[in-house]
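S.K.: These protein sequences, in sequence, are chains A and B.
When we follow my numbering, the leftmost residue of the first sequence carries the number 121, and every step to the right adds one.
When we follow my numbering, the leftmost residue of the second sequence carries the number 448, and every step to the right adds one.
In this text, a Cβ means the ideal position worked out from N, Cα and C, and glycines have one as well.
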Amino acid sequence: MPNPSADPKIKQDGDFELIQAINAGHAELFTELVSRYERKLYNFGVRMCRDVQDAEDVLQDTFLNVFKYLKDFRYETKFKNWLYRIATSTCLKKRRKSRFAPDRELSLDEFLPKEEAEIPVQTPAWASLPLDQLLNEELSSIIKEGIQSLPENYRLVLVLRDIEGFSTAETAQVLGLTPENIKVRLHRARLFLREKLKDYFSHDA
Amino acid sequence: MTHDASHTACLELFEKLSEYLDDELDEQICQQIEAHAGSCVACKTCLETLRQTIALCHAMKQNETPVPANFSDRWKECIRKMASEAVDAHQS
Numbered sequence: 121m122p123n124p125s126a127d128p129k130i131k132q133d134g135d136f137e138l139i140q141a142i143n144a145g146h147a148e149l150f151t152e153l154v155s156r157y158e159r160k161l162y163n164f165g166v167r168m169c170r171d172v173q174d175a176e177d178v179l180q181d182t183f184l185n186v187f188k189y190l191k192d193f194r195y196e197t198k199f200k201n202w203l204y205r206i207a208t209s210t211c212l213k214k215r216r217k218s219r220f221a222p223d224r225e226l227s228l229d230e231f232l233p234k235e236e237a238e239i240p241v242q243t244p245a246w247a248s249l250p251l252d253q254l255l256n257e258e259l260s261s262i263i264k265e266g267i268q269s270l271p272e273n274y275r276l277v278l279v280l281r282d283i284e285g286f287s288t289a290e291t292a293q294v295l296g297l298t299p300e301n302i303k304v305r306l307h308r309a310r311l312f313l314r315e316k317l318k319d320y321f322s323h324d325a
Numbered sequence: 448m449t450h451d452a453s454h455t456a457c458l459e460l461f462e463k464l465s466e467y468l469d470d471e472l473d474e475q476i477c478q479q480i481e482a483h484a485g486s487c488v489a490c491k492t493c494l495e496t497l498r499q500t501i502a503l504c505h506a507m508k509q510n511e512t513p514v515p516a517n518f519s520d521r522w523k524e525c526i527r528k529m530a531s532e533a534v535d536a537h538q539s
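1. For the alpha helix (DSSP H) that S465/B lies in, which residues bound it at each end?
2. Kindly indicate which three-state DSSP category N256/A falls into: helix, strand or coil?
3. So for I391/A, helix, strand or coil by DSSP?
4. Compute the Euclidean distance between the alpha carbons of L226/A and C169/A, then round it to the nearest angstrom.
5. Tell me which residue opens and which closes the alpha helix (DSSP H) that F183/A is part of.
6. Could you spell out the range, first to last residue, of the alpha helix (DSSP H) harbouring N163/A?
7. Could you check where the alpha helix (DSSP H) with V294/A kicks off and where it finishes?
8. What does E176/A reach in chain B if we use C-beta pairs closer than 7 Å?
9. Enumerate in chain order the residues of its own chain whose CB-to-CB distance from I501/B is below 7 Å, with the five nearest sequence positions on each side excluded.
10. Sorted by chain position, which residues of the same chain lie with C-beta nearer than 7 Å to L494/B's C-beta, five sequence neighbours on each side aside?
11. Quick check on C457/B: buried or exposed, where buried means 16 or more other Cβ atoms within 10 Å of its Cβ?
12. Answer with yes or no whether the minimum CB distance from L497/B to chain A is below 8 Å.
13. Determine the DSSP secondary structure at T298/A, reduced to helix, strand or coil.
14. Please classify Q478/B as buried or exposed, where buried requires at least 16 neighbouring CB atoms within 10 angstroms.
15. Can the beta-carbon of R275/A be found closer than 8 Å to that of I263/A?
16. For I302/A, which residues of its own chain have a beta-carbon under 8 Å away from its beta-carbon, when the five flanking residues on both sides are left out?
17. Assign C487/B to one of three DSSP states: helix, strand, or coil.
18. Relative to the alpha-carbon of K523/B, which residue among L153/A, P250/A and E300/A has its alpha-carbon at the smallest distance?
19. When you compare each of R521/B, E474/B and Q499/B to A245/A by their alpha carbons, which one comes out closest?
20. Report yes or no: is there a C-beta of chain A within less than 8 Å of the C-beta of S539/B?
21. Please report the straight-line C-alpha distance between V279/A and N163/A, rounded to a whole angstrom.
22. Please find out if some non-hydrogen atom of the ligand HEM comes closer than 7 Å to the beta-carbon of L153/A.
23. Between the Cα of E284/A and the Cα atoms of A516/B, Q475/B, N510/B and T496/B, which residue gives the shortest distance?
24. Give the residues from the region 245-258 of chain A that approach chain B closer than 7 Å (Cβ to any Cβ), ordered along the chain.
25. Taking Cβ-Cβ distances shorter than 9 Å, what residues in chain B pair up with P271/A?
26. Can you find a CB in chain A that lies within less than 8 Å of the CB of E459/B?
27. Could you give the first and the last residue of the continuous alpha helix (DSSP H) run that contains I139/A?
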C-alpha cells in the first residue's frame, strides 16, 4: 500500500497507478513496469559496470529485487529514485566481485593549470561549436571512455546527474549522500572529463 | 589580462563553475562570476569548456544501446512466470 502521508507530487510520477495495481494483485502488470525502465537501466548498467554481461546481471538483479520488495514501497520518494537506488547498490556489489582498479579521490588542484603555458589565451573552437557539428562517433567513444575511466564514486554522480537527469537533491537521495557532497563530486567529475576532451581536441588540432 | 592560477578570484570562480552552470548559486554570486569571467580569458575559457563538456554529457542520453534481444526475451519470460505465480498465489 502506498504511504498516504507521502508528498502528493511524488505520486504524480506516472508510475503510481501502475504500482498500485501491481500491489493490489495484478502482478502480471509488472512486465509493463519493466518495459518502462528496462532500456534506461541497462544503459545505466553498461555505463557503470563497463561490461555488457555485468549490465545484464544488474538489470536482472535489480528487477528481481524490485519484484520482491515492491509491496513494501511506500512512495517516500519517486519510484524511479527508488529503482536507481537498488540498481546502484547492485552495481556496487557487482564491482566488488569484478576486476576494476581501486577508487581514488580527485582533487581540485589537479585540474588547475600548472604552468603559464597551460593558461589559455582564447577559448578553443570546440567549446563554441553546435553539438550537431561536434558530436560524431569518434567523440562519443572518447566521452564514453572518459566516463568509464572516472573513479566509481565520481562516475556514479556524473552518470546520475548529467546523463540520467536526476537533480542534485534526487542524486543525494539515491546515493545516500548530502547535496553538498554531490556538488563537489560532480564538479570534479566534470573537470576530469573536460581534461579528456581538451586532450582529444588538442591532438585533433 | 594576465592570469595567475593562485589568484583568489580565479580560484573562487573555478570552485563554483558547476554550481553556476547548474543555476544553483545566488544571483549576487552569479553576477560576480559573470563580471570576473568577462575580464579574465582563462576563467572564461574554463567556463565555456566546462559548459560544452556538460552539454556533451547531456547529449549522451540519446546514445543508448538497446537491450540485447535474446537476453531481454529470456529474462522477461522469467519475470512473466514469476508474475503469473504471484497472481495465482494472490487469488488462492
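M.R.: Walking through what the data contain:
1. First-last of the alpha helix (DSSP H) with S465/B: T455 to L468.
2. When DSSP states are grouped into helix, strand and coil, N256/A belongs to the coil group.
3. The first residue shown for chain A is 121 and the last is 325, placing residue 391/A beyond what the model contains.
4. Each residue's alpha carbon lies about 20 Å from the other.
5. Here the alpha helix (DSSP H) through F183/A covers V172 to Y189.
6. Bounds of the alpha helix (DSSP H) holding N163/A are F150 to C169.
7. Its alpha helix (DSSP H) spans residues T288 to L295.
8. F518, listed in chain order.
9. Taken in chain order, the residues that qualify are L468.
10. Shown here for L494/B: same chain residues with a beta carbon closer than 7 Å to its own, the five before and five after excluded, namely L464 and A484 in chain order.
11. Of the other Cβ atoms in all chains shown, 16 or more fall within 10 Å of the Cβ of C457/B; this residue is therefore buried.
12. For L497/B, the answer is yes, since a Cβ of chain A falls inside 8 Å of its Cβ.
13. If DSSP states are grouped into helix, strand and coil, T298/A belongs with coil.
14. Per the 10 Å Cβ criterion, exposed.
15. The answer is no: Cβ separation not under 8 Å.
16. Closer than 8 Å at the Cβ level, and outside the excluded window around I302/A, lie V277, R281, T288, T291, A292 and L295.
17. Looking at C487/B - three-state DSSP - the assignment turns out to be coil, as it is neither helix nor strand.
18. Cα-wise, what sits closest to K523/B is L153/A.
19. Looking at the Cα atoms, Q499/B is the closest of the given residues.
20. So no, S539/B is outside the interface.
21. Between the alpha carbons of V279/A and N163/A lies a distance of about 10 Å.
22. The ligand HEM is not part of this structure, which contains no ligands at all.
23. It is N510/B whose Cα lies nearest to the Cα of E284/A.
24. Listed by position, the residues of the region 245-258 of chain A near chain B (Cβ gap below 7 Å) are W246, A247, S248, L251 and L255.
25. Chain B residues near P271/A: none, gap ~17 Å exceeds 9 Å.
26. No, E459/B lies away from the interface with chain A (no Cβ there is under 8 Å from its Cβ).
27. Looking at the DSSP string, the run of the alpha helix (DSSP H) that includes I139/A is F136 to N143.
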